[in-house]
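These notes concern the structure reproduced below.
2 protein chains.
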Amino acid sequence: MLSKFFSARSVAIIGASHKHGKIGNVILNNFLDGKYKGKVFLVNSSVKKIHEKRCYASVLEIKDKIDLAVIAIPAEAVVKAAEECGKAGIKNLIIISAGFRESGRADLESRLKGILRKYGMRAIGPNCLGVFDGHTHLDTLFLPRYRLRRPEKGNMAFVCQSGAVGSAILDYATEHGYGFSKFISYGNAMDVDESDLIEFLGNDRSTKVICVYLEGAKDGKKLLSTLRKVSKKKPIVAIKGGKSEQGNKAAMSHTGSLAGSAAVYSGVFKQANVIEAQGLEEMFEYAAILDSEIRPKGNRVQVITNGGGYGILSTDAVIENNLRMAKLSKQSLDQLKRKMPGILTENPMDLLGDADDQRYQTALNIAIKDKNVDIILLIALYQTPLLTPKMVDIISRAKMRHKKPIVVVSTGGDFTEKLTERLEEKGVLTYTFPHNAVRAIKKLVDYYGR
Amino acid sequence: MLSKFFSARSVAIIGASHKHGKIGNVILNNFLDGKYKGKVFLVNSSVKKIHEKRCYASVLEIKDKIDLAVIAIPAEAVVKAAEECGKAGIKNLIIISAGFRESGRADLESRLKGILRKYGMRAIGPNCLGVFDGHTHLDTLFLPRYRLRRPEKGNMAFVCQSGAVGSAILDYATEHGYGFSKFISYGNAMDVDESDLIEFLGNDRSTKVICVYLEGAKDGKKLLSTLRKVSKKKPIVAIKGGKSEQGNKAAMSHTGSLAGSAAVYSGVFKQANVIEAQGLEEMFEYAAILDSEIRPKGNRVQVITNGGGYGILSTDAVIENNLRMAKLSKQSLDQLKRKMPGILTENPMDLLGDADDQRYQTALNIAIKDKNVDIILLIALYQTPLLTPKMVDIISRAKMRHKKPIVVVSTGGDFTEKLTERLEEKGVLTYTFPHNAVRAIKKLVDYYGR
Chain Y
0 MLSKFFSARS
10 VAIIGASHKH
20 GKIGNVILNN
30 FLDGKYKGKV
40 FLVNSSVKKI
50 HEKRCYASVL
60 EIKDKIDLAV
70 IAIPAEAVVK
80 AAEECGKAGI
90 KNLIIISAGF
100 RESGRADLES
110 RLKGILRKYG
120 MRAIGPNCLG
130 VFDGHTHLDT
140 LFLPRYRLRR
150 PEKGNMAFVC
160 QSGAVGSAIL
170 DYATEHGYGF
180 SKFISYGNAM
190 DVDESDLIEF
200 LGNDRSTKVI
210 CVYLEGAKDG
220 KKLLSTLRKV
230 SKKKPIVAIK
240 GGKSEQGNKA
250 AMSHTGSLAG
260 SAAVYSGVFK
270 QANVIEAQGL
280 EEMFEYAAIL
290 DSEIRPKGNR
300 VQVITNGGGY
310 GILSTDAVIE
320 NNLRMAKLSK
330 QSLDQLKRKM
340 PGILTENPMD
350 LLGDADDQRY
360 QTALNIAIKD
370 KNVDIILLIA
380 LYQTPLLTPK
390 MVDIISRAKM
400 RHKKPIVVVS
410 TGGDFTEKLT
420 ERLEEKGVLT
430 YTFPHNAVRA
440 IKKLVDYYGR
Chain C
0 MLSKFFSARS
10 VAIIGASHKH
20 GKIGNVILNN
30 FLDGKYKGKV
40 FLVNSSVKKI
50 HEKRCYASVL
60 EIKDKIDLAV
70 IAIPAEAVVK
80 AAEECGKAGI
90 KNLIIISAGF
100 RESGRADLES
110 RLKGILRKYG
120 MRAIGPNCLG
130 VFDGHTHLDT
140 LFLPRYRLRR
150 PEKGNMAFVC
160 QSGAVGSAIL
170 DYATEHGYGF
180 SKFISYGNAM
190 DVDESDLIEF
200 LGNDRSTKVI
210 CVYLEGAKDG
220 KKLLSTLRKV
230 SKKKPIVAIK
240 GGKSEQGNKA
250 AMSHTGSLAG
260 SAAVYSGVFK
270 QANVIEAQGL
280 EEMFEYAAIL
290 DSEIRPKGNR
300 VQVITNGGGY
310 GILSTDAVIE
320 NNLRMAKLSK
330 QSLDQLKRKM
340 PGILTENPMD
350 LLGDADDQRY
360 QTALNIAIKD
370 KNVDIILLIA
380 LYQTPLLTPK
390 MVDIISRAKM
400 RHKKPIVVVS
410 TGGDFTEKLT
420 ERLEEKGVLT
430 YTFPHNAVRA
440 IKKLVDYYGR
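Protein sequences appear in the order of chains Y and C.
Each residue of the first sequence is one higher than the one before, starting from 0 at the first, in numbering that gives the first Met the number 0.
Each residue of the second sequence is one higher than the one before, starting from 0 at the first, in numbering that gives the first Met the number 0.
Okay, structure coming up:
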């Protein structure tokens, strides 16, 4: 039944408004200007028409079947609107409105809950941004698109208690080319909570990795068992806000939910094989590798580089992260000597500052076929004069042909960024620095090696 | 005497070439096309003119006084060229050429050293990129500008054993708006070594922070005493390549210098009050805050945010990093209540999702004047509709007027990036995520609190 939150074919916007800057106006515009293909009905008792579209005084006036109501009206009016939805046979509500438990009005939430039970409805919110679906383009986020860009469709889902964290991250991710299947800001979790959403995403075909930002959970037992179950199907990357005592206090005042200590959550994550990120940057780094890479056969990393220093820093990172430096087979070593007699180091394999595309191709072909190599960390520093944009094809083709994770590291300015973007478009994962790439590789290995 | 490496008024390019792609051609073009104001003399015995400029067969033919020779010819020919420089009275050499100790030709280096002694010359290199000076625009980096952008002038110096690390980082830093006083890739350190350079930069007025990428040092004692001495004058951020045993082995084969274990180096850094970075990203984060911020009076951080979740994550990071959450004075609290009665939390001070510029201005003014606040961490999530570009002025003016570090965190896409760039141009330091901002604040506090 949660699927209707994302793939509703008809939506009623309760609180649709023509007033610029109003939440109900932003949501309406996002529905009308966007790529959403379903029917949209406007509900607002004080006007007859908005943008030449009829406004209904109540959902009860609408004759079509409505899959989802998005509610963006003052808190006091929400209970009545919800009751009307119930009577109209609408089963899914996204309640954007704030002014409930988080503002000391737990009473309003109790009444709402009663109505949900009475009519067998499910609700996301209140006090939330709601939902963005990368595939159906259903989008209830009340932030204008020029400030918060919407991501392309992809395989990452992001479940986020906090609306601000969610929107900032979504915007950042879009800028950096990440694709999303679904984004959910669930706010007070009056009815649908993080566990329900994670369970749903576990069964969602368009989702490959689940990211979760949590401040607290009302039902820790339910969360643990959900995480345990779902992490067997697909990777979950989680970040816990309010781990310190003071952060915890702030979290309680933020969403009004019990936050729980750092140790408890870290324990839960560990038990449930959830990948814990220490910061938002890490969350992306981990989600990206779990999204784009296949299961590595083991933890042996082959480093290929045109910068000696980067080879060294990568080696350090491999060892620090308890991964292993691969040892090329005798056959590979023979090939290496024959084809590139000038290359003296095997791992990190330093192709030297005068390396050209051909040298990379040769090295990559040797390493990718070697059974002693599980993962390739390929460093391409494009400042050196002999590397050309052909590198994009060389790397992406190797990746397509062989079932082995390849992670690329490139650091630089606009020339580098252009090549990196083209690589990313071809589905090759890139990081800016070796340290970040390797700690992500570690999570990939750990997830599949559990 | 090292100053001539950066502010030479006349340079001889030995190996200047008209052949596209040759190192001596790239260096020459960079001198002629760039902003370097000094005289440039071309030395190449096989041609008479390049770009209508006279080519000398030897430096001995040049009658003007030459401050610096840049040598980019095959290793075998370098000894003779250096001897001629000695005879011509040139005291500073940057030897770009590779093919010395790192390729098993320690003998060539010994002969070169003899010549340096004989004529009282100093040399950077061999096997290096040489020098870039952000102020004089002296630039011996043999990588074309379209691949490796040159940074604006600034206060960061970067001393880098590895040319590839150096150039990638310089390129990245330029893209991200960092300014540099001096960059030195010193390669084999046959004569001038990291300690000499760090000591020189310690006395260099245009340098405020020194970044060092080290793989090894020939003289550990000299390094320790130099670091100790210089870190009293200005902050040094260092990263050690080859900390793991395997990384260490790779480092030895890279520059042929003794690398030394992780423990030894971490110990040296600690003793010398050097800020150790665990990765290149951290190095920048730390250098940036030490470059742009003044000494904080203590470790009490006031968090101001329009996103509850970011406030919580910031609080967690403050506590994890052993900093303290500031407690506003009674006077500030009274002001806060009077001016913004809706704001219920003091630190993190959550200005809520509907915060406008004015609310930020009020909050910032209260916090910046409060004696209980040492550092302000200001989170501005521009996805919310009421924040305008005026925020740039509000923050930068507050920073100018009051002597208190302000660090800004903003996460997002192009709208956010534009505002962030404008803030940075006005000298306000910004980070993308709270975690990264707070660990940098920790280094600022530690450096000045030593």
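Positions of the beta carbon are idealized from the N, C-alpha and C atoms, including for glycine.
Measure the alpha-carbon distance for residue i versus residue j and round it to whole angstroms.
| i | j | result |
| --- | --- | --- |
| E275/C | I70/Y | 52 Å |
| V78/Y | L418/C | 40 Å |
| D413/Y | H50/C | 29 Å |
| I61/C | V229/C | 39 Å |
| N91/C | I393/C | 49 Å |
| I209/C | S184/C | 14 Å |
| L257/C | G215/C | Note that L257/C scores a pLDDT of 49, beneath 50, so its modelled location is shaky and nothing firm can be said. |
| G255/C | G278/Y | Since pLDDT at G255/C reaches only 49, below the 50 mark, its modelled position is unreliable, and no value is offered. |
| V65/Y | S96/Y | Note that residue 65/Y is Ile in the sequence shown, not Val. I65/Y and S96/Y: Cα-Cα distance of roughly 20 Å. |
| Y446/Y | N272/Y | 7 Å |
| S224/Y | K242/C | 41 Å |
| D132/Y | V158/C | 48 Å |
| S395/C | K52/Y | 45 Å |
| F179/Y | V427/Y | 17 Å |
| E319/C | L443/C | 16 Å |
| T173/Y | Q270/Y | 32 Å |
| F182/Y | E281/Y | 18 Å |
Could you tell me how far apart the beta carbons of residue i and residue j are, in whole angstroms, since I believe they sit closer than 8 Å?
| i | j | result |
| --- | --- | --- |
| I374/Y | I367/Y | About 10 Å; that fails the 8 Å criterion. |
| N371/Y | L327/Y | 6 Å |
| D290/Y | M155/Y | 5 Å |
| H434/C | A316/C | 5 Å |
| D369/Y | M390/Y | Incorrect: roughly 21 Å between the Cβ atoms, too far for contact. |
| T304/Y | M348/Y | 7 Å |
| G103/C | I311/Y | Going by Cβ atoms, the distance from G103/C to I311/Y rounds to 20 Å, so no, they are not a contact pair. |
| V407/Y | T429/Y | 4 Å |
| A354/Y | T383/Y | 7 Å |
Along chain C, which residues have their Cβ under 7 Å away from the Cβ of residue i?
| i | result |
| --- | --- |
| E319/Y | S243 |
Mind pulling the chain Y residues with CB within less than 8 Å of residue i?
| i | result |
| --- | --- |
| N435/C | G278 and E280 |
| Y381/C | R146 |
| T387/C | Within 8 Å Cβ-Cβ: nothing; T387/C doesn't reach chain Y, min ~11 Å. |
| N305/C | A163 |
Cβ of residue i within 8 Å of Cβ of residue j?
| i | j | result |
| --- | --- | --- |
| V46/Y | I12/Y | no |
| L128/C | L140/C | yes |
| A325/Y | N364/Y | no |
| G352/C | T314/Y | no |
| L111/C | V25/C | no |
| L385/C | A379/C | no |
| Y171/C | T206/Y | no |
| D138/C | Y212/C | no |
| L147/C | L169/C | yes |
Just to make sure I have the definition right: I need the residues of chain Y whose C-beta is within less than 7 Å of the C-beta of residue i. Which are they?
| i | result |
| --- | --- |
| Y212/C | G308 |
| I311/C | E214, G240, G241, G246, A249, A250 and H253 |
Residues of chain C with CB closer than 8 Å to the CB of residue i, please, in chain order.
| i | result |
| --- | --- |
| Y145/Y | F414 |
| G352/Y | G162 and A163 |
| T429/Y | Under the 8 Å cutoff, chain C gives no residues; its nearest Cβ is about 13 Å from T429/Y. |
| F432/Y | G278, L279 and E280 |
| P384/Y | G20, V25, L142, P143 and R146 |
| N371/Y | Per Cβ cutoff of 8 Å: no residues; N371/Y is ~15 Å from chain C at best. |
Strictly below 9 Å CB to CB, what residues from chain Y border residue i?
| i | result |
| --- | --- |
| D290/C | Per Cβ cutoff of 9 Å: no residues; D290/C is ~19 Å from chain Y at best. |
| E174/C | G411, G412, D413, T415 and E416 |
| T206/C | By Cβ distance, chain Y contributes nothing, its closest Cβ being about 22 Å from T206/C, past 9 Å. |
Problem - Members of the region 404-420 of chain Y near chain C, C-beta cut-off 9 Å - result: Within the region 404-420 of chain Y, the residues whose Cβ lies closer than 9 Å to some Cβ of chain C are S409, T410, G411, G412, D413, F414, T415 and E416, listed in chain order.
Practice task
Would you list, in chain order, the members of the region 152-171 of chain C that have their beta-carbon closer than 9 Å to a beta-carbon of chain Y?
Solution key: For the region 152-171 of chain C, which is checked against every Cβ of chain Y, the residues closer than 9 Å are C159, Q160, S161, G162, A163, V164, G165, S166, A167, I168, L169, D170 and Y171.
Exercise for the section: Check distances from the C-beta atoms of the region 130-142 of chain Y to those of chain C and list, in chain order, the residues that come in under 7 Å. Expected result: Those would be L142, in chain order.
Exercise for the section: With 9 Å as the C-beta to C-beta threshold (strictly closer), list the residues of the region 322-347 of chain C near chain Y in chain order. Expected result: Of all residues in the region 322-347 of chain C, those with a C-beta nearer than 9 Å to a C-beta of chain Y are M324, L343, T344, N346 and P347, reading in chain order.
Exercise for the section: With 7 Å as the C-beta to C-beta threshold (strictly closer), list the residues of the region 16-38 of chain C near chain Y in chain order. Expected result: Shown in chain order are the members of the region 16-38 of chain C whose Cβ falls below 7 Å from a Cβ of chain Y: G20.
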